[in-house]
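Residue numbers (this note's numbering), protein chains in the order written: chain A, 19 to 117; chain B, 6 to 192.
Just so it is clear, CB atoms sit at the ideal spot from N, CA and C, and this is done for glycine as well.
What follows is a single structure, written as structure tokens, with notes after it.
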């Protein structure tokens, strides 16, 4: 009984010897090749996309801020010119008193 | 004819023909080893695919201080173990699925008269920790020389012998449990 069990166990341990190797499906090679061809093309990762988008947003923000600042300072200059004009006019008027 | 080193060199230079030659030389070894770990043909194919992609990507970093065969087996073992680890983490009903796979698994390459014994072997192998399982698969299923197994596992020959001894001991106690059922099915 015990000998029979021992014999069976040895048979189990040797059960894979003399067998053939299992073969993968033929399609597997083209599947792998496709993956490799795919990875040969320049892949832009999601992280790179995010970085590019962040950089673009940053540049846009800087440009918008510059534009707003430029417009505001232009407006201020126009107001200052108007004030100076009024001032000069009042001086002229002042001198006219003595004429 | 190119040797394995030349093939790896050519693959690192993106030569597709060299890659095809390497595939023809190693795909069965890789698939077979992966199948011994996963016991599922689809999983073994996925591992084979991952291994070849890794070979393609890391061919340039291959160092000649080990043989190509050793290097590739090392990639297969690591990829298979990581694949199983990841899969087990994702599987909710891990235990029930593993048991079902173990009982159903029939290795496609095994001789007809050994089918039942081979199924028992794979079932007993499930009880082994990873390092014992690796030593057993490489020695008894891949039938690699012990020194090559030691090189793949980056350990000593003595350590491999010890792992195999422990693996067989653990498997024997598993086979003890299977033995009565095996006898019943024989009657």
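Contact set between residue i and chain A, taken where Cβ atoms lie within less than 8 Å
i: residue 43(B); result: What residue 43(B) touches in chain A: nothing, since even the nearest Cβ is about 11 Å away.
i: residue 112(B); result: 34, 37, 40
i: residue 80(B); result: Those within 8 Å of residue 80(B) in chain A number zero; the least Cβ separation is about 14 Å.
i: residue 5(B); result: Residue 5(B) lies beyond the stretch modelled for chain B, which goes from 6 to 192, so this question has no answer here.
i: residue 166(B); result: Those do not exist, as residue 166(B) stays about 15 Å from chain A at its closest Cβ, beyond 8 Å.
Straight-line gap, residue i to residue j (C-alpha atoms, nearest Å)
i: residue 34(A); j: residue 180(B); result: 16 Å
i: residue 81(B); j: residue 65(A); result: 29 Å
i: residue 36(B); j: residue 178(B); result: 29 Å
i: residue 105(B); j: residue 144(B); result: Low confidence applies here, because residue 105(B) scores a pLDDT of 48, under 50, leaving its location unreliable and the question unanswered by this model.
i: residue 10(B); j: residue 49(A); result: 25 Å
i: residue 68(B); j: residue 13(B); result: 10 Å
i: residue 90(B); j: residue 135(B); result: 11 Å
i: residue 17(B); j: residue 150(B); result: 29 Å
i: residue 80(A); j: residue 62(B); result: 41 Å
i: residue 107(B); j: residue 63(A); result: For residue 107(B), the predicted model reports a pLDDT of 49, less than 50, meaning its position is unreliable; a value from the coordinates is still stated below. When rounded, the distance between both Cα atoms is 39 Å.
i: residue 23(A); j: residue 167(B); result: 24 Å
i: residue 21(A); j: residue 77(B); result: 40 Å
i: residue 194(B); j: residue 22(B); result: Because residue 194(B) is not part of the residues shown, which for chain B are 6 to 192, the question remains open.
i: residue 54(B); j: residue 40(A); result: 15 Å
i: residue 26(A); j: residue 38(A); result: 21 Å
i: residue 26(B); j: residue 64(B); result: 14 Å
i: residue 141(B); j: residue 117(B); result: 22 Å
i: residue 175(B); j: residue 48(B); result: 26 Å
i: residue 152(B); j: residue 74(A); result: 57 Å
i: residue 70(A); j: residue 86(A); result: 24 Å
i: residue 154(B); j: residue 93(B); result: 26 Å
i: residue 43(A); j: residue 75(B); result: 24 Å
i: residue 130(B); j: residue 72(A); result: 52 Å
i: residue 78(A); j: residue 19(B); result: 41 Å
i: residue 98(A); j: residue 82(A); result: 24 Å
Beta-carbon neighbours of residue i, restricted to chain B and to distances below 7 Å
i: residue 35(A); result: 148
i: residue 30(A); result: 122, 125, 126, 180
i: residue 44(A); result: By Cβ distance, chain B contributes nothing, its closest Cβ being about 10 Å from residue 44(A), past 7 Å.
i: residue 54(A); result: 58, 61
i: residue 23(A); result: 184
i: residue 27(A); result: 177, 180
Within chain A, the residues that residue i reaches when beta carbons sit closer than 9 Å
i: residue 208(B); result: Past the edges of chain B, shown from 6 to 192, lies residue 208(B), and the structure says nothing about it.
Within chain A, the residues that residue i reaches when beta carbons sit closer than 7 Å
i: residue 40(B); result: 40
i: residue 57(B); result: 50
i: residue 37(B); result: 39, 40
i: residue 116(B); result: 36, 37
i: residue 145(B); result: 31, 34
Neighbouring residues, chain B, relative to residue i (Cβ below 8 Å)
i: residue 47(A); result: 25, 28, 32
Chain B residues whose Cβ lies nearer than 9 Å to that of residue i
i: residue 67(A); result: Under the 9 Å cutoff, chain B gives no residues; its nearest Cβ is about 22 Å from residue 67(A).
**Report entry** Contact the segment 27-41 of chain A vs the segment 121-134 of chain B: 3+ CB pairs below 8 Å
**Finding:** The segment 27-41 of chain A vs the segment 121-134 of chain B: in contact.
Query raised in the report: Does the segment 108-119 of chain B come close enough to the segment 157-164 of chain B that 3 or more CB-CB pairs lie under 8 Å?
Result: With the cut-off at 8 Å, the segment 157-164 of chain B and the segment 108-119 of chain B do not touch.
Query raised in the report: Three or more beta-carbon pairs under 8 Å between the segment 38-55 of chain A and the segment 57-65 of chain B, yes or no?
Result: Taking 8 Å as the limit for Cβ pairs, the verdict is that the segment 57-65 of chain B does touch the segment 38-55 of chain A.
Query raised in the report: Using 8 Å as the Cβ pair cut-off and three pairs as the minimum, do the segment 29-45 of chain B and the segment 71-85 of chain B touch?
Result: Taking a cut-off of 8 Å on C-beta distances, the segment 29-45 of chain B touches the segment 71-85 of chain B, as three or more cross pairs fall below it.
Query raised in the report: Going along the chain, which unbroken runs of the alpha helix (DSSP H) with 4 or more residues stay wholly within the segment 94-170 of chain B?
Result: Here the runs fully enclosed are 99-109, 120-130, 135-141, 151-157.
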